[in-house]
Structures are given as structure tokens and as C-alpha cells.
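Before any comments, here is the structure.
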Amino acid sequence: MSFKNQIVVITGGAKGIGRGLVESFAKENADVYFLDMDFESGNKLENELNDKGYRVHFRLVDITKEIELAEVIDKIPKIDILCSNCGIFPQKKIMDMNVDDWEKVQKVNVTSTFLVAKYSIKKMIGAKYGRIILTSSITGPVTGFPGWSHYGASKAALLGFMRSACLEVAKFGITINAVMPGNILTEGLVQQGNDYINSMKKSVPVGFLGDVSDIANGVMFFAKKESRYITGQTLIIDGGQILPESLEALA
Numbered sequence: 012m013s014f015k016n017q018i019v020v021i022t023g024g025a026k027g028i029g030r031g032l033v034e035s036f037a038k039e040n041a042d043v044y045f046l047d048m049d050f051e052s053g054n055k056l057e058n059e060l061n062d063k064g065y066r067v068h069f070r071l072v073d074i075t076k077e078i079e080l081a082e083v084i085d086k087i088p089k090i091d092i093l094c095s096n097c098g099i100f101p102q103k104k105i106m107d108m109n110v111d112d113w114e115k116v117q118k119v120n121v122t123s124t125f126l127v128a129k130y131s132i133k134k135m136i137g138a139k140y141g142r143i144i145l146t147s148s149i150t151g152p153v154t155g156f157p158g159w160s161h162y163g164a165s166k167a168a169l170l171g172f173m174r175s176a177c178l179e180v181a182k183f184g185i186t187i188n189a190v191m192p193g194n195i196l197t198e199g200l201v202q203q204g205n206d207y208i209n210s211m212k213k214s215v216p217v218g219f220l221g222d223v224s225d226i227a228n229g230v231m232f233f234a235k236k237e238s239r240y241i242t243g244q245t246l247i248i249d250g251g252q253i254l255p256e257s258l259e260a261l262a
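The structure is reproduced here in C-alpha cells:
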């Protein structure tokens, strides 16, 4: 597939799944703008990809700050595709969590999605075209894990937002869909060590953890012009992780 002459905006693009999205869209000839708060990683990725001949633009921005984000979005010529991927997942159990812990996760994971979608949609309406893809998770909408009640709530909230928002913008040729990753081999997971990674593999029927490119493939499916009749839908990308009733089913 090719996204030539299309502009893609990706939030949280400096590392992990977001970095995979930046690289994948760039390789498919898109003009990529990625937003992140990590200057060092973002600047390094921008230089690496532009040195290879791709068209990549890093923008340092706190996307939870509306005015700052709106100014960045306004300066982008057009937006054909938005990948709202920014997210944090600090682990903390309910009895150890305070309101600030809870609200920080909601602000980064949910409020930022509302804001970047709002200002991107303004541009898309004028063009009567747009593809918006949210990065949710299996954690929250389908599964749970101790210490991630705030994270799970935020990822479930994204799907509720999607299902109503997609109805508001459908008449403008804009679709909104979501991918729901399982365990993906990102920098954060690698830092947990081989023992942790091997234990995670045991819960995945296909026998290995997904790569960021696996998520990018799903996102690019929703991002295609040909996916015009798909909106308000989710795609679980987890190697079958949610399917077994017990570990015995994987024996």
C-alpha cells in the first residue's frame, strides 16, 4: 500500500508503538508529523528517517495543553490521517493511588485524544475526508491486570469516545476506528528483562510477542482510502491472547 501525497499526524511517536507507526507510514511514502514530549528521542528519530530520504517532521508538544496543541496542528498544511497513540501506563494499585495518579493517566490517555481529534477534525471537515485511528488496548475493554485500573479505564473510555464521535463526523467522509494491542515488544517491555518477556510469551497462543509493525499493519488497514465503509470498529491485535479459558488450553 502507499500513502503518497497524504499527511499523517501521530501522537506519542518517539518511542514504542508510536515509533513503529512513524517508521511504517514513512516507508509507505506518507508525509509524517509526529508529536511527543521526548525531545531527544524525537529529534533522533526525525534525523534518522530523513537521512534515509523519508519525509518526517518532529514537533515537541505537550498534547494535554490545548492552546499549545492547537497551535501545532494549525501549522500543519492538512491532515489526512490521525493516529492518536499517546499513552502512559504506570502501575499502581487502587489503595496506593491518589486522585492525581488517576487524573494524570486520564489526561494523557483520554483528554489528549479528545483534543487532538477535535483540532484535526476541523481540518478534515474542510477536505471532506479523514481517517482517525485510536490506540486502545485489550487491557480495560476486554481484560484486566492488577495495578492498571486507571489505565484500563482510560483505554475503555477511548472506545466509548470513538463510537459516538464517529457518528458526528461520518457525513464528512471521516472514519474513526481503534486498534487494541496485546503484549507488544517495545522498549518498555524489554526493560523488564528476559524472564518477564518469556513469561508473557506463555500467555500468547502464537508463541511470541507482537512487534510494533504488527500494530502498524492494523492501523494502516484502517487508514487506507479503501476502508471508507468501516467506522466505529475495533481490531484486536494480540496473537490470540484473550482467547484461552486457562493456561491448560495452551498446553
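In the working numbering, the protein residues as written are 12 to 262.
Note that the Cβ used here is the ideal one computed from N, Cα and C, for glycine as well.
The ligand ATP heavy atom lying under 7 Å from the CB of residue i
i, result
"Phe100", "As presented, the structure is devoid of all ligands, the ligand ATP included, so that no description of it is given."
Residue i to residue j span [Cα, whole Å]
i, j, result
"Trp113", "Phe232", "33 Å"
"Met173", "Ile21", "17 Å"
"Glu82", "Leu46", "12 Å"
"Ser131", "Lys89", "9 Å"
"Leu200", "Lys63", "27 Å"
"Gly23", "Val72", "10 Å"
"Ala189", "Ala164", "15 Å"
"Ile187", "Asp42", "20 Å"
"Phe93", "Glu259", "Contrary to the premise, residue 93 reads as Leu rather than Phe in this sequence. Whole-angstrom Cα-Cα distance: 41 Å."
"Ser95", "Ile136", "18 Å"
"Glu34", "Leu60", "8 Å"
"Ser52", "Val67", "14 Å"
"Lys139", "Arg239", "12 Å"
"Met211", "Asn109", "29 Å"
"Asp206", "Pro192", "21 Å"
"Ile84", "Asn58", "21 Å"
"Lys38", "Arg30", "12 Å"
"Asn120", "Lys129", "15 Å"
"Leu32", "Ser224", "7 Å"
"Asn194", "Asn228", "16 Å"
"Val116", "Asn209", "28 Å"
"Phe36", "Glu237", "16 Å"
"Asp54", "Ile226", "In the sequence as presented, Asp is not what sits at residue 54; that position holds Asn. Their Cα atoms are separated by approximately 23 Å."
"Leu196", "Asp107", "28 Å"
"Lys213", "Tyr65", "38 Å"
Beta-carbon proximity of residue i to residue j, cut-off 8 Å
i, j, result
"Asp91", "Ile18", "yes"
"Cys177", "Gly218", "no"
"Lys103", "Pro157", "no"
"Lys118", "Thr150", "no"
"Gly98", "Thr146", "yes"
"Phe69", "Leu80", "no"
"Ile144", "Val230", "yes"
"Gly141", "Gly204", "no"
"Tyr44", "Ile87", "yes"
Local conformation of residue i per DSSP, three classes
i, result
"Ile241", "coil"
"Leu196", "coil"
"Ala189", "strand"
"Tyr130", "helix"
"Cys94", "strand"
"Val215", "coil"
"Gly251", "coil"
"Gly204", "coil"
"Asp73", "coil"
"Ile28", "helix"
"Ile143", "strand"
Close Cβ partners of residue i (< 6 Å) along its chain, the five nearest in sequence each way excluded
i, result
"Lys15", "Asn40"
"Ser160", "Ile105"
"Pro255", "Leu261"
"Thr245", "Ala189, Met191"
"Phe50", "Leu71"
"Gln202", "none"
Spatial neighbours of residue i in its chain, beta-carbon cut-off 7 Å, leaving aside the 5 residues before and after
i, result
"Thr235", "A quick correction: the sequence has Lys, not Thr, at residue 235. Cβ within range, chain order: Met12."
"Phe100", "Trp159, Tyr162"
"Ser148", "Lys166, Met191, Pro192"
"Lys134", "Lys89, Ile90"
Beta-carbon contacts of residue i that lie in its chain and below 8 Å, excluding the five residues immediately before and after
i, result
"Pro216", "Gly250, Gly251, Gln252, Leu254, Pro255, Leu261"
"Glu198", "Lys26, Gly27"
"Ile241", "Thr186, Asn188, Phe233"
"Gly181", "The sequence shown places Ala at residue 181, not Gly. Cβ neighbours of Ala181 beyond the five flanking positions: Thr242."
Open item on the list: Under 8 Å: do the segment 110-126 and the segment 161-175 share three or more Cβ pairs, one atom per stretch?
Closed with: Counting Cβ pairs under 8 Å, three or more are found: they touch.
Task: Touching by the beta-carbon criterion (3+ pairs, under 8 Å), the segment 205-220 and the segment 243-252 - done: Yes: the two stretches touch, three or more of their Cβ pairs being nearer than 8 Å.
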